[in-house]
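Step one of this worksheet: look at the structure below.
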Amino acid sequence: MKNKQVIIDSLPEGKLVESNYKLVDSEIPEVGSDEVLVKTISFAITAGTRAGLQGSASYAGAPTTGIVMNCTGIGEIIQSTNEDYNIGRNVLTQTGWQEYSVQKTQSLTLLREGVDPSLYLGPLGINGLTAYFGLLEIGQPQSGETVMISAAAGSVGHMVGQIAKIQGCKVVGVCGSDGKCKKLIEDLGFDAAVNYKDANFRQNLKEATPDGVDVYFDNTGGMILGSALFRLNSGGRIACCGVVSQYDTSTPEPGPKGIPGLLVNKSIRMQGFLVFDFAEQYENATDDLLTWIDSGQLKVLTDELEGIENAPRGFVDLLAGGNIGTRIVNI
Ligand SMILES: NC(=O)c1ccc[n+]([C@@H]2O[C@H](COP(=O)([O-])OP(=O)(O)OC[C@H]3O[C@@H](n4cnc5c(N)ncnc54)[C@H](OP(=O)(O)O)[C@@H]3O)[C@@H](O)[C@H]2O)c1
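When we follow the numbering used here, the leftmost residue of the sequence shown carries the number -15, and every step to the right adds one.
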């Protein structure tokens, strides 16, 4: 039996291309003390891992080639040397783009029994927790306020908007197509959605936010952040979650004009965060997220591909806006 893996063959120069990856067959690794062998079921393709290839996600270390592409996945334990992690249990871990991986037990999250495992790649996984803590802890929205979100039809974004609705906010999404805008309004209950590729984007954003913006959840940075700054009300908050507009390039642009001047004049708080900052609160957040999913208040959008060999294509396409919700690769 071999382990099919997708290796980073070269670092992207400019935009990521499929040929930056290589599919290989390797030996299945041996399990050591306090380790398990995980057979991957599915994994998520997420925008932030592109920052790792660029070196801009410094917590991920310097980008390098010849290693398995990293990602979070769910899998089944098929060998174990720790009796608390039995064969047959499903876990969430850094599977990477591969069929089998050896994991230290401390890197595993045991999935709750009776919960659909795939939820752990979206709302109950890194991106759902990012939406939850980024909005509630950093954005601190109050009922009646206006929350604006960029990459709003993506994995993190579509959950932020719905959590903001649950808090009683008015929600305005920004995304890259009219079709995505329609879905946000009609299927997820956003109050408005604006296509940033439209030539009248700034005017349309102004019309969609007649009361200004109190919380801007920033997944993109760049031009959309620059536009949001001019819509923010005094005392507004910007939750800096990511900078996807600047990941798929070797020449990222500097931040927009108006920083820090506009922040000063309107007493705006702009704060970055990493979801890992909130690790001690993950279990409570999971309880809330499950309650909202069960009640139908939080709809889960997934966008699924079949086969590990399709992961590179799926990633290139995600960066070009091809996904709605969380992109998942099923093995
Ligand atoms: N701080 C943390 O701990 C943390 C944790 C997880 C994720 N994140 C961040 O969360 C953000 C969203 O990640 P995700 O995994 O949920 O990805 P995603 O939103 O599902 O996918 C990326 C989306 O970005 C949009 N996009 C691509 N190029 C763009 C551009 N130039 N300008 C504006 N939008 C562009 C595309 O949608 P359109 O069609 O709308 O263009 C695409 O669908 C990323 O910035 C990521 O780094 C942060």
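Built from N, CA and C at the ideal position, the CB exists for glycine as well.
Small disclaimer: the values here were computed from a predicted structure and weren't measured.
Bridge-paired residues (DSSP) for residue i
i: V248; result: DSSP, once it has assigned bridges, lists no residue as partnering V248.
i: V75; result: G59 and L94
i: M132; result: V156 and Y200
i: S127; result: Answer is none; S127 lacks a bridge partner.
i: E293; result: Paired residue(s): none; E293 is not in a bridge.
i: V230; result: The displayed chain sequence assigns Gln, not Val, to residue 230. Answer by DSSP bridge pairing: none, since Q230 is not bridged.
i: K314; result: Per the sequence shown, residue 314 should be read as Asn rather than Lys. BP columns for N314 point to S26 and E290.
i: N(-13); result: S10
i: V86; result: L21
i: Q146; result: Q146 is not bridged to any residue.
i: Q328; result: Residue 328 lies beyond the range of the chain shown here (-15 to 315); nothing can be said about it.
i: I308; result: In DSSP, I308 forms no bridge with anything.
i: G138; result: G309
i: I(-8); result: Y5
Counted within 10 angstroms of its Cβ, other Cβ atoms place residue i as buried (16 or more) or exposed
i: I61; result: buried
i: F260; result: exposed
i: P238; result: exposed
i: S(-6); result: exposed
i: M132; result: buried
i: N70; result: exposed
i: D271; result: exposed
i: D287; result: buried
i: Y180; result: buried
i: S229; result: buried
i: P107; result: buried
i: Y5; result: buried
i: A177; result: buried
i: M53; result: buried
i: A263; result: exposed
i: Q281; result: exposed
i: S26; result: buried
i: V227; result: buried
i: G39; result: exposed
i: S102; result: buried
i: S134; result: buried
i: M254; result: buried
i: V248; result: exposed
i: G16; result: exposed
i: G59; result: buried
i: G205; result: buried
i: P125; result: buried
i: P(-4); result: buried
Assumed close pair residue i, residue j - CB separation to whole angstroms, cut-off 8 Å
i: G123; j: F185; result: The Cβ separation is near 22 Å, so there is no contact.
i: K241; j: G210; result: 7 Å
i: I12; j: K167; result: Not confirmed; about 41 Å, so no contact.
i: G45; j: G160; result: Incorrect: roughly 30 Å between the Cβ atoms, too far for contact.
i: L285; j: G298; result: Rounded, the Cβ-Cβ distance is 15 Å, inconsistent with contact.
i: V20; j: N66; result: 7 Å
i: N111; j: M143; result: 7 Å
i: A295; j: W81; result: 5 Å
i: L274; j: V86; result: 30 Å between Cβ atoms; not a contact.
i: N(-13); j: S10; result: 5 Å
i: G(-2); j: S234; result: 6 Å
Cβ pair residue i, residue j closer than 8 Å
i: T24; j: G57; result: yes
i: N217; j: D198; result: yes
i: G163; j: N203; result: no
i: L113; j: A269; result: yes
i: D195; j: T130; result: yes
i: T193; j: R221; result: no
i: A28; j: T310; result: yes
i: L0; j: V300; result: yes
i: G157; j: G141; result: yes
i: A115; j: I147; result: yes
i: V22; j: Y104; result: no
i: G152; j: S127; result: yes
i: G50; j: L76; result: no
i: C55; j: T89; result: no
i: V(-10); j: I315; result: no
i: S64; j: Q78; result: no
i: D175; j: K190; result: no
i: L172; j: K283; result: yes
i: L246; j: Y43; result: no
query: Taking the runs of the beta strand (DSSP E) that are 3 residues or longer, which of them lie wholly in the region 154 to 227?
result: 154 to 159, 176 to 179, 197 to 202 and 216 to 224
- prompt: Which runs of the beta strand (DSSP E) fall wholly inside the region 0 to 72 and span at least 3 residues, in chain order?
  reply: 5 to 11, 19 to 29 and 57 to 64
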